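Engineer: All letters in the sequence shown, in the order written, are residues 0 to 558 by numbering that gives the first Met the number 0.
Note that the Cβ used here is the ideal one computed from N, Cα and C, for glycine as well.
This one's a predicted model, so the numbers in the text were calculated from it and none came from an experiment.
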Amino acid sequence: MIRSRLTHLLKKSPLARFIIIPAAFLLFLGILFSINLITNKKPELLSLDPAIGGPGEVIRIHGKNFGSDNKKGWIKIAGDRLSANTVLEWDATTIMIVLPETIQDGLVYVNTGAGKSNPLIFANKSNIPIKNIAQASVGVPRIKEFSNPRIETGKRLIIYGKNFGLARDDSQVLFTWKIDPALPLSTQNRISQASIACSETSFDYEFWSDQEIRVRVPDGAGSGNVFIKTLRGLSNGEQVQIVNQPGEKLYTEQRTYTVSLNVDITDVTAGDGNMFLLRIPRPVTTAAQRNIEITRSDPTPYLENYRGTILHQFENLRSGKTLSVSHTFLVTAYGIQTEILANQVRPYTDTDSPLYLMYTASDPAVPSNNADILIKASEIIGKEKNPYRRAKLIYTWITDSITYKEHDDPNRSVIEALSEQTGSAWDMAILFTALCRASGIPAIPIAGMVVDANRESRVHWWAEFYLENFGWVPVDPALGTGNPFPTAQENPTEWYFGNMDPYHIVFDRGWTDQKPMTQKSRVVQRSRSYAFQPIWEESGGNLEKYTSFWGDPRITGVY
Numbered sequence: 000m001i002r003s004r005l006t007h008l009l010k011k012s013p014l015a016r017f018i019i020i021p022a023a024f025l026l027f028l029g030i031l032f033s034i035n036l037i038t039n040k041k042p043e044l045l046s047l048d049p050a051i052g053g054p055g056e057v058i059r060i061h062g063k064n065f066g067s068d069n070k071k072g073w074i075k076i077a078g079d080r081l082s083a084n085t086v087l088e089w090d091a092t093t094i095m096i097v098l099p100e101t102i103q104d105g106l107v108y109v110n111t112g113a114g115k116s117n118p119l120i121f122a123n124k125s126n127i128p129i130k131n132i133a134q135a136s137v138g139v140p141r142i143k144e145f146s147n148p149r150i151e152t153g154k155r156l157i158i159y160g161k162n163f164g165l166a167r168d169d170s171q172v173l174f175t176w177k178i179d180p181a182l183p184l185s186t187q188n189r190i191s192q193a194s195i196a197c198s199e200t201s202f203d204y205e206f207w208s209d210q211e212i213r214v215r216v217p218d219g220a221g222s223g224n225v226f227i228k229t230l231r232g233l234s235n236g237e238q239v240q241i242v243n244q245p246g247e248k249l250y251t252e253q254r255t256y257t258v259s260l261n262v263d264i265t266d267v268t269a270g271d272g273n274m275f276l277l278r279i280p281r282p283v284t285t286a287a288q289r290n291i292e293i294t295r296s297d298p299t300p301y302l303e304n305y306r307g308t309i310l311h312q313f314e315n316l317r318s319g320k321t322l323s324v325s326h327t328f329l330v331t332a333y334g335i336q337t338e339i340l341a342n343q344v345r346p347y348t349d350t351d352s353p354l355y356l357m358y359t360a361s362d363p364a365v366p367s368n369n370a371d372i373l374i375k376a377s378e379i380i381g382k383e384k385n386p387y388r389r390a391k392l393i394y395t396w397i398t399d400s401i402t403y404k405e406h407d408d409p410n411r412s413v414i415e416a417l418s419e420q421t422g423s424a425w426d427m428a429i430l431f432t433a434l435c436r437a438s439g440i441p442a443i444p445i446a447g448m449v450v451d452a453n454r455e456s457r458v459h460w461w462a463e464f465y466l467e468n469f470g471w472v473p474v475d476p477a478l479g480t481g482n483p484f485p486t487a488q489e490n491p492t493e494w495y496f497g498n499m500d501p502y503h504i505v506f507d508r509g510w511t512d513q514k515p516m517t518q519k520s521r522v523v524q525r526s527r528s529y530a531f532q533p534i535w536e537e538s539g540g541n542l543e544k545y546t547s548f549w550g551d552p553r554i555t556g557v558y
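1) DSSP on T420, reduced to helix/strand/coil?
2) Determine the extent of the alpha helix (DSSP H) in which P386 is found, giving its start and end residues.
3) Are three or more beta carbon pairs between the region 296 to 314 and the region 341 to 359 nearer than 8 Å?
4) Which one of P183, I227, I178 and L165 has the shortest CA to CA distance from F145?
5) Beta-carbon within less than 6 Å of L276's beta-carbon, same chain only, minus the 5 sequence neighbours each way: which residues are those?
6) Which residue wins for smallest C-alpha separation from L392, given the options A341, Y347 and I335?
7) Tell me where the alpha helix (DSSP H) around S67 begins and ends.
8) Output the distance between the C-alpha atoms of F328 and I309, rounded to the nearest integer angstrom.
9) How should G540 be labelled, buried or exposed, when 16 other C-beta atoms within 10 angstroms of its C-beta is the threshold for buried?
10) How many angstroms separate the CA atom of R278 from the CA atom of D263?
11) When DSSP builds the beta bridges, which residues end up paired with T251?
12) Out of curiosity, what's the CA-to-CA distance linking G221 and T348?
13) Just how far apart, CA to CA, sit G470 and A442?
14) Could you tell me which residues DSSP puts in a beta bridge with Q238?
15) Compute the Euclidean distance between the alpha carbons of G164 and S296, then round it to the nearest angstrom.
16) Might you give, ordered along the chain, the residues of its own chain that have their beta carbon closer than 6 Å to the beta carbon of L302, omitting 5 neighbours on each side?
17) How many Å lie between T257 and G556 at the Cα?
18) Give the range of the alpha helix (DSSP H) segment to which K161 is assigned.
19) Distance, Cα to Cα, R345 vs N147?
20) Secondary structure at I429, three-state DSSP: helix, strand or coil?
21) Along the chain, where does the beta strand (DSSP E) containing S194 start, and where does it finish?
22) Could you please give the first and the last residue of the uninterrupted alpha helix (DSSP H) stretch that includes Y355?
What follows is the structure, given as structure tokens:
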């Protein structure tokens with residue numbers, strides 16, 4: 000009956016036809032749109048398995064709304080769209096891909112006809128210290144012999160044996176550490192306490208296979224046993240003798256610190272589909288800084304060690320939301336004392352080594368190729384050829400000529416400090432490093448914190464330079480002038496060239512090259528802070544604005 004009335008109305012009334020027919024069409028479109036929303040939702044990523052991998056490895060992307068196949072979909076990692084032949088499986092909740100040879104760190108997105116997913120972070124395992132558990136059944140490593148049991152610091156040592164593992168992964172080569180014999184060692188883990196591992200930042204690891212390892216003798220190593228430490232256990236110890244050193248270095252006077260830091264994010268204005276990353280510096284392991292632990296993290300980070308930082312990832316921040324991130328570290332620092340015989344220091348012969356090439360080159364933190372730096376370096380060193388004496392001339396010029404002064408402009412260049420002959424600890428450390436590099440001396444600036452006699456801490460900068468057959472030599476030009484506070488040293492200018500107290504805590508050694516996770520993200524760098532890294536914050540998508548507050552690291556306990 001209703002149908003016949005409606006038919007009659009449509010035949011007799013033009014107005015009814017004008018209203019009802021478009022309304023019915025709109026209703027039909029609405030139904031189609033609703034069906035489309037239900038059946039074509041944007042893809043949603045839940046997890047990567049694993050989140051860390053390398054070329055040729057398979058990862059699974061778990062989530063929702065991927066569709067039944069990849070005819071209309073694709074995947075992007077670090078801004079690069081993967082080819083279709085990398086996809087092994089694709090269904091509504093799981094995608095399986097094989098990683099290409101060119102894979103880089105970055106954000107993972109899945110795109111379908113319904114839109115673009117939220118991002119997840121993928122990390123290339125070559126940049127992450129991870130453990131390989133696949134070879135756990137292999138026997139304990141065993142050292143048979145060395146290429147040369149009498150060797151200099153920094154020179155190549157070839158270790159022959161078996162069961163070293165096909166790749167290094169988390170394994171280490173341990174040398175005897177030149178610690179003051181008067182310092183007590185625990186009866187537990189005595190070998191680990193009295194040993195020092197080869198360093199990645201000094202390019203000590205050159206080659207690793209199951210039966211042969213090639214390493215450089217690390218800074219801080221002394222004559223004694225060498226061990227191989229792998230997941231399967233600790234090898235036998237074999238003796239090496241460190242020879243031809245132009246002096247002595249000893250690690251003395253231990254202090255253990257509890258260090259806390261926090262970051263607060265406020266005043267967030269954001270819409271759906273945003274991403275925010277924090278890269279928080281963490282204390283680094285050096286010959287004089289050991290046993291580093293993260294004792295508390297709130298919230299739990301995405302990665303505890305990503306290129307020397309703690310990586311946090313947040314998605315879909317809401318306007319008005321406040322974020323607080325905090326970490327607590329346990330750090331043990333040692334003092335360094337050196338006695339160097341200048342007449343026994345020789346010019347550099349291994350000038351093609353990665354260490355020499357890296358730490359004599361200009362970088363974004365150290366403008367050693369600047370014309371003013373080159374001219375001043377030549378003026379300071381004159382005809383001196385001895386690397387140790389050159390470094391001492393540079394240090395003396397800085398402590399004599401640069402007036403200590405804090406400047407308000409965080410972007411003030413070190414070239415201005417050179418021109419005006421005023422600067423802070425940052426300026427002095429960077430100037431020393433740049434002038435050394437310009438003089439052919441490997442050098443590196445160090446960022447971190449220093450603790451005064453009242454256990455008050457502040458952000459600080461100092462440096463090290465490298466001598467062949469000896470290793471790294473510490474210098475603190477600012478404390479050498481009695482700034483930013485006086486120390487207990489009778490002659491600080493002399494003492495802080497070649498020696499270091501245990502009141503320095505290292506967060507970064509030199510420029511850390513980093514890239515953003517996506518090409519279109521916005522990054523924030525913090526100048527003159529406790530690390531030299533170029534990226535501290537990274538945001539993308541509909542995150543319009545926010546305010547960040549980074550508290551300086553602070554000492555909350557001394558032991």
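Structural biologist: Taking the structure as given:
1) First, the amino acid is wrong: residue 420 is Gln here, not Thr. Three-state DSSP puts Q420 in coil, outside helix and strand.
2) P386 to S400
3) no
4) I227
5) Q312 and E537
6) A341
7) No alpha helix (DSSP H) contains S67, which DSSP labels as neither H nor E.
8) 12 Å
9) buried
10) 13 Å
11) G334
12) 22 Å
13) 11 Å
14) N224
15) 33 Å
16) L310
17) 5 Å
18) It is not in any alpha helix (DSSP H) - K161 instead sits in the beta strand (DSSP E) that spans R155 to K161.
19) 21 Å
20) helix
21) S194 to A196
22) P353 to Y358
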